[in-house]
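Undergrad: One structure, pasted below without further comment.
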Amino acid sequence: MKAIGVLTSGGDAPGMNACVRAVVKSGIAAGLKVFGIQDGYQGLIEGRMAELTYLDVNNIIQLGGTILGTARSKEFMTVEGRKKAIDSLNENHIEGLVLIGGDGTFAGGAALSKEMNIPVIGIPGTIDNDISGTEFTIGYDTCLNTVIDAVDKIRDTATSHHRVFFVEVMGRNSGYIALNAAIASGAESVLIPEQVTDIVALADSIKHQNKGVRSSIIIVAEGDDGGGALEIMQKISPLLPGYDLRHSVLGHIQRGGKPSATDRILATRMGAFAVDQLLKGRNNVVVGVVSDELITTPIGATSTSSADKSAEKLSLLGAMLTKG
Ligand code: F6P
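All you need for the numbering used here is the position in the sequence shown, starting with 1, plus 15.
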């Protein structure tokens with residue numbers, strides 16, 4: 016193997032740059048040419064790529080987003096789109112790919128690998144932490160810290176004005192961000208897609224929280240079956256007469272910013288490991304971390320995962336409540 020490509024695809028996540036840097040530096044150290052592909056699979060289809068040097072990836076470990084750019088390419092989902100991608104890989108003599116992203120990214124890589132017989136290694140990069148085969152994805156730790164920082168600030172207003180805030184966080188169909196942000200911010204309640212939401216029970220619990228001071232934080236996962244923060248607030252409002260209710264959608268601030276030390280280290284380890292796995296002839300696997308050990312899982316065996324141990328964590332939240 017003489018040349019490999021690296022791309023970032025799907026939603027950007029803090030730590031993606033640290034991972035690109037690790038792939039480039041360890042690839043060059045192993046005697047490979049490393050091509051950075053722009054804007055994920057769309058850039059691959061359009062042949063937008065360039066060989067990266069050590070200098071190109073200096074001073075990017077601390078940057079949020081992805082210097083390569085990212086996209087969710089519809090064209091790549093078609094056989095015709097992938098044919099164009101294969102042509103551009105052949106033109107640049109690229110013999111292996113490192114794909115940083117989520118499940119959609121890996122599924123696309125598996126299809127490409129089958130049609131072209133090129134080895135691909137996936138690295139989980141998403142704030143959602145919703146990839147099975149790893150305990151942590153790149154970007155999740157930074158995102159959690161961003162969320163708890165925002166909730167701490169909202170808590171100031173909630174307490175001062177005796178308000179109940181419904182704070183919506185990202186996570187797509189998974190409640191990892193919501194559940195762990197709720198524990199870490201001392202939220203009074205959390206609504207996650209993995210549990211059926213009972214509005215009446217939630218209203219009852221709000222009434223009995225915090226010794227009647229009428230100030231609570233309810234974290235709402237965006238994929239919750241009861242709806243987003245605004246919808247939940249509207250549904251619960253008639254059940255909470257006299258309460259001052261507000262909602263706040265944290266949005267894309269959760270995806271940006273400098274990666275935490277944890278994400279930088281995870282991204283660096285995973286990037287170097289992915290190159291090592293390519294050089295060892297591995298194909299069609301996703302890198303993961305379990306009990307601090309780097310492992311691989313076959314791409315077909317990874318799937319979107321749900322918030323684990325939610326029953327234990329939800330009961331922990333309940334036990335932490337100050338009741339009236
Ligand atoms: O997968 C990351 C994520 O931020 C999800 O949490 C969210 O549902 C989605 O991407 C938002 O995507 P977009 O930035 O395309 O609106």
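Glycine residues also receive a C-beta, built at the ideal position from the N, C-alpha and C atoms. Note that the structure is predicted; figures quoted are calculated from it, not measured.
So the candidates are 325, 320, 331, 326; which of them puts its Cα closest to the Cα of residue 152?
TA: Residue 320 is the option with its Cα nearest to residue 152.
Undergrad: Along the alpha helix (DSSP H) that carries residue 221, what are the first and last residues, could you check?
TA: 214 to 222
Undergrad: In whole angstroms, what is the alpha-carbon distance linking residue 170 and residue 193?
TA: 16 Å
Undergrad: Please look up how many angstroms separate the CB atoms of residue 251 and residue 218, rounded, as I've assumed it's under 8 Å.
TA: The C-beta distance from residue 251 to residue 218 rounds to 5 Å, short enough to meet the 8 Å contact threshold.
Undergrad: Taking 6 Å as the limit between beta carbons, can you name the residues of its chain near residue 131, skipping five residues before and five after?
TA: 101
Undergrad: Can you check which of these residues, 66, 47, 42, 22, is closest to residue 53 by C-alpha distance?
TA: 22
Undergrad: Among 240, 69, 126, whose alpha-carbon lies nearest the alpha-carbon of residue 15?
TA: The structure shown does not extend to residue 15, since the chain spans only 16 to 339, so no value can be given for it.
Undergrad: Using a threshold of 7 Å, is the CB atom of residue 80 nearer than that to any non-hydrogen atom of the ligand F6P?
TA: no
Undergrad: Looking only at its own chain, which residues have a Cβ that is under 8 Å from the Cβ of residue 300, when we skip the five neighbours before and after it?
TA: 136, 137, 292, 311, 312, 313, 314
Undergrad: From the DSSP secondary-structure annotation, give me the bridge partner or partners of residue 180.
TA: 232, 261
Undergrad: As an exercise, report each continuous alpha helix (DSSP H) stretch of at least 4 residues that is fully enclosed by the stretch 69 to 147, in chain order.
TA: 94 to 106, 118 to 131
Undergrad: Tell me, which residues are paired with residue 175 by DSSP?
TA: Per DSSP, none; premise fails for residue 175.
Undergrad: Kindly indicate which residue of 145, 16, 18, 33 has the alpha-carbon position closest to the one of residue 273.
TA: Closest in alpha carbon position to residue 273, among 145, 16, 18, 33, is 33.
Undergrad: To the nearest angstrom, report how far apart residue 241 and residue 64 are at their CA atoms.
TA: Each residue's alpha carbon lies about 44 Å from the other.
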